[in-house]
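Residue numbers (my numbering): 1357 to 1966.
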């Protein structure tokens, strides 16, 4: 056989193997054994353990959604109390700022009226959800044992939390219930500081603070709710396993993780001789201790009891190979040399922020190297620090016309994607794009790719050294949108818009589905079909600001807009499925709160002539 024939045969074999793995995965998904986003087939020990991963995911997902709703009650209580409290202090612009500073500072002891009761009530409701999830997780584990052939007579009928476990669940519940308070007060305080000025109206400052708090993303609360649900689920599974007969072996599984970090990828499939050994790596059974995401980890312990044949897969990643079992190469017990664990029970921020380094001691070359590294890692905070320091040293300023391309209205999460503000921003963006196309003397019309940037012959405008770079990035962005639009159409068979909202979309945009890739996130997710949203999970939807930052436009304004866009996208995805009646109620609440301070006599205001 010639080399070409051999290469062809090898390629055909790889294609066939990939098709077989895909078919196996689809069958596992249909049977409920695995989840749609799984990146690999089930390992042999997962098959032997009879774990229904889809059911585990459903239990934690539904519990997390319910927990987030209970925490939302605290959010509403904060907003209501804030509107009422600030109305009594809005005598001057800076009186509003001082009151918010006092409320946001935990050392002052100041608190909003009625807030403690709201937190206690929500914490009790969340604790009840966590206890219910604990019991369901334990029941699912006992069903796995029964499916493996463990006699029902040796399995406990029910599993309830111990005193220590109950205390842990109470702590989780209170952490989630308290989360909205500090965040909303801090956001309101920052907004008031920005709006306050000697000649500002106190009510305008109050409204700016309240509006910012109302529009604050709920993604952090939802994230914390998922963390709490994951830990409670792990506690229940582990407790049930301890009260059942000792399993023959325990395995680590990271199948449920959508974005598996390096340490979790290494531990996936690790074998443990006992439950105690496994709990060194998975404290409480609620996630891998060295996971880079901390309590966000969705790692699961898998238990195998004595069966007729031993599980043969003991090396992560070898799949379910037939024939003789491979040699056992899996390290036993605790991980050696693993990254330092994230010991915090819950993480309320994306990551730990170290003490700021001394930027003044760095050379320009060192700053640029750090900026490149932060850009590659999408570390917005670090990018902002390095870019600001470079701008300070060079005296560079960002030209006004380049700041304008990132519109505040275009990156903010609209409360209502069908509101007049959203429609105006959408129309304004479309008009700007039309104007840009009309003025494009540096583009040619390619019959296949559309408008393609070919460069500028003119010299750069004095005082605007970055203009040409921004033009190039804008041209690349146009091509990127065109590419994403075509790929999404192909992947969804043209079903980009939700069927039940197609009429609304057509009335606003006609057949211009490209607006789904360039418009506000709330607008896009409101109209996006289920097929498109699934495609976005694999091919994240980004904004121009994020694209510009990734392509070297790293001034402070652009970095900040990119940060806001990422937050707006998370919030839009959460609100896209919001019931219209709930949306209407939320808007009514906004208007009701402003009734506390919009009446002429609501506040005793000083006499300007006094």
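The C-beta atom is built at its ideal place from N, Cα and C for all residues, glycine as well.
Since the structure is predicted, the reported quantities are computational estimates derived from the model, not experimental observations.
*Can you tell me whether DSSP reads residue 1407 as helix, strand or coil?*
Here residue 1407 refers to the residue found at position 51 of the chain shown. Residue state, collapsed to three classes: coil.
*Looking at C-alpha atoms only, which residue of 1878, 1895, 1862 is the closest neighbour of residue 1573?*
Indexing the chain shown from 1 puts residue 1573 at position 217. Ranked by Cα distance from residue 1573, the first of 1878, 1895, 1862 is 1878.
*State the DSSP-derived secondary structure class of residue 1605, mapped to helix, strand or coil.*
As a working note, residue 1605 is residue 249 in the chain shown. In the three-state scheme derived from DSSP, where H, G and I count as helix and E and B as strand, residue 1605 is classed as strand.
*Using CA coordinates, which residue listed in 1924, 1446, 1643 is at the minimum distance from residue 1619?*
Here residue 1619 is taken as the residue at index 263 of the chain shown, counted from 1. Answer by Cα proximity: 1643.
*Just the Cα atoms here: how many angstroms apart are residue 1479 and residue 1611?*
Here residue 1479 refers to the residue found at position 123 of the chain shown. Here residue 1611 refers to the residue found at position 255 of the chain shown. Rounded to whole angstroms, the gap between the alpha carbons of residue 1479 and residue 1611 is 31 Å.
*Distance, residue 1848 Cα to residue 1841 Cα*: Counting from 1 along the chain shown, the entry for residue 1841 is found at position 485. Counting from 1 along the chain shown, the entry for residue 1848 is found at position 492. If you take the alpha carbons of residue 1841 and residue 1848, they lie about 11 Å apart.
*Quick one: Cα of residue 1947 to Cα of residue 1567, how far?*
Taking the first residue of the chain shown as 1, we reach residue 1947 at position 591. Taking the first residue of the chain shown as 1, we reach residue 1567 at position 211. Each residue's Cα considered, the two are about 11 Å apart.
_Distance check for residue 1578 and residue 1352, CA to CA, integer angstroms please._
Within the shown structure, residues of the chain are numbered from 1357 to 1966, placing residue 1352 beyond reach of any answer.
*Neighbour flag for residue 1541 against chain C, beta carbons, 8 Å*: Looking for chain C here will not work: only one protein chain is present.
*How far does the alpha helix (DSSP H) with residue 1452 in it reach, from first residue to last?*
Along the chain shown, read from residue 1 onward, the residue named residue 1452 stands at position 96. If you look at residue 1452, you'll find it in the alpha helix (DSSP H) that goes 1449-1460.
*Who are the Cβ neighbours of residue 1503 in its own chain at under 8 Å, not counting the five residues just before and after it?*
Within the chain shown, numbered from 1, the residue matching residue 1503 stands at position 147. Closer than 8 Å at Cβ, skipping near neighbours: 1406.
*Hey, which unbroken runs of the alpha helix (DSSP H) at 4 residues or more fall wholly within the region 1592-1646?*
Within the region 1592-1646, the complete alpha helix (DSSP H) runs of at least 4 residues fall at 1618-1623, 1631-1637.
*How many Å lie between residue 1477 and residue 1464 at the Cα?*
Stepping through the chain shown from its first residue, residue 1477 is reached at position 121. Stepping through the chain shown from its first residue, residue 1464 is reached at position 108. One alpha carbon belongs to residue 1477, the other to residue 1464, and they sit about 24 Å apart.
*asked:* Taking the alpha helix (DSSP H) that residue 1485 belongs to, which residues open and close that run?
replied: The sequence position of residue 1485 within the chain shown is 129, counting from 1. The continuous alpha helix (DSSP H) containing residue 1485 extends over residues 1471-1503.
*List the whole-angstrom C-beta distance separating residue 1833 from residue 1883, where the pair is believed to meet the contact cut-off of C-beta under 8 Å.*
Looking up residue 1833 in the chain shown gives position 477. Looking up residue 1883 in the chain shown gives position 527. Contact between residue 1833 and residue 1883 does not hold, since the beta-carbon distance rounds to 21 Å and is not under 8 Å.
*If you draw a straight line from the C-alpha of residue 1912 to the C-alpha of residue 1626, how long is it?*
Against the chain shown, residue 1912 aligns to sequence position 556. Against the chain shown, residue 1626 aligns to sequence position 270. Counting only the Cα atoms, residue 1626 lies some 44 Å from residue 1912.
*Over the uninterrupted alpha helix (DSSP H) stretch that includes residue 1531, give me the two end residues.*
Working through the chain shown from its first residue, we reach residue 1531 at position 175. Per DSSP, residue 1531 belongs to the alpha helix (DSSP H) from 1519-1551.
*Could you spell out where the alpha helix (DSSP H) holding residue 1858 opens and where it closes?*
Counting from 1 along the chain shown, the entry for residue 1858 is found at position 502. Counting along the chain, residue 1858 sits inside the alpha helix (DSSP H) bounded by residues 1858-1865.
_Inter-residue Cα distance where the pair is residue 1699 and residue 1526_ = If you number the chain shown from 1, residue 1699 lands on position 343. If you number the chain shown from 1, residue 1526 lands on position 170. Residue confidence for residue 1699 is low, a pLDDT of 44 falling below 50, so the modelled location carries little weight and cannot support an answer.
*Taking the alpha-carbon positions, what's the residue 1394 to residue 1614 distance?*
On the chain shown, position 38 is the one that residue 1394 refers to. On the chain shown, position 258 is the one that residue 1614 refers to. Cα-Cα distance, rounded: 7 Å.
_I'd like to check one pair, residue 1397 with residue 1552: are the Cβ atoms closer than 8 Å?_
What you label residue 1552 is simply residue 196 of the chain shown in a count that begins at 1. What you label residue 1397 is simply residue 41 of the chain shown in a count that begins at 1. Cβ atoms of residue 1552 and residue 1397: not closer than 8 Å.
*Straight-line CA distance for residue 1873 to residue 1929?*
By 1-based counting over the chain shown, the position of residue 1873 is 517. By 1-based counting over the chain shown, the position of residue 1929 is 573. Separation of residue 1873 and residue 1929 (C-alpha to C-alpha, rounded to the nearest whole angstrom) is 14 Å.
_Rounding to the nearest angstrom, what Cα-Cα distance links residue 1562 and residue 1875 in this structure?_
What you label residue 1562 is simply residue 206 of the chain shown in a count that begins at 1. What you label residue 1875 is simply residue 519 of the chain shown in a count that begins at 1. Roughly 30 Å between the two C-alpha positions.
*asked:* How far does the beta strand (DSSP E) with residue 1561 in it extend, from its first residue to its last?
replied: Mapped onto the chain shown, residue 1561 falls at position 205. That residue, residue 1561, is in no beta strand (DSSP E); its alpha helix (DSSP H) goes 1558-1571.
*Going along the chain, which residues of its own chain have a beta-carbon closer than 8 Å to the beta-carbon of residue 1967, five neighbours each way excluded?*
Residue 1967 is absent from the model: the chain starts at 1357 and stops at 1966.
*asked:* Does residue 1888 pass the burial test, meaning 16 or more other C-beta atoms within 10 Å, or should it be called exposed?
replied: For this step, residue 1888 is matched to residue 532 along the chain shown. Counting Cβ neighbours within 10 Å, residue 1888 comes out buried, since at least 16 surround it.
*asked:* Mapping the DSSP letters down to three states, classify residue 1662 as helix, strand or coil.
replied: On the chain shown, residue 1662 is found 306 positions in, with the first residue counted as 1. It is coil, neither helix nor strand.
_With DSSP as the reference, identify every bridge partner of residue 1884, one or two as the case may be._
Here residue 1884 is taken as the residue at index 528 of the chain shown, counted from 1. Residue 1884 is bridged to 1853.
*What are the partner residues of residue 1656, as DSSP defines its beta bridges?*
For this step, residue 1656 is matched to residue 300 along the chain shown. 1609.
_Contact check, residue 1646 vs residue 1604, beta carbons under 8 Å_ = In the chain shown, the residue the question calls residue 1646 occupies position 290. In the chain shown, the residue the question calls residue 1604 occupies position 248. Contact: no.
*Compare the Cα-Cα distances from residue 1830 to each of 1862, 1899, 1855 and report the closest residue.*
Here residue 1830 refers to the residue found at position 474 when the chain shown is read from its first residue. Nearest option by C-alpha distance: 1899.
*State buried or exposed for residue 1940, treating a residue as buried only when at least 16 other CB atoms are found within 10 Å of its CB.*
Indexing the chain shown from 1 puts residue 1940 at position 584. Its Cβ having fewer than 16 others within 10 Å, residue 1940 is exposed.
*Should residue 1920 be labelled buried (16 or more other beta-carbon atoms within 10 Å of its own) or exposed?*
Position 564 of the chain shown, counted from the first residue, corresponds to residue 1920. Result: buried.
*Is residue 1895 helix, strand or coil when you go by DSSP?*
On the chain shown, position 539 is the one that residue 1895 refers to. Residue 1895 falls in the coil class under three-state DSSP.
*My guess is that residue 1548 and residue 1558 are in contact by the Cβ rule of under 8 Å, so how many angstroms apart are they, rounded?*
Counting from one through the chain shown, the residue named residue 1548 turns up at place 192. Counting from one through the chain shown, the residue named residue 1558 turns up at place 202. That pair is no contact at about 10 Å.
*Return the CA-CA distance between residue 1594 and residue 1494, expressed in angstroms with no decimal places.*
Taking the first residue of the chain shown as 1, we reach residue 1594 at position 238. Taking the first residue of the chain shown as 1, we reach residue 1494 at position 138. The alpha-carbon atoms of residue 1594 and residue 1494 are separated by roughly 8 Å.
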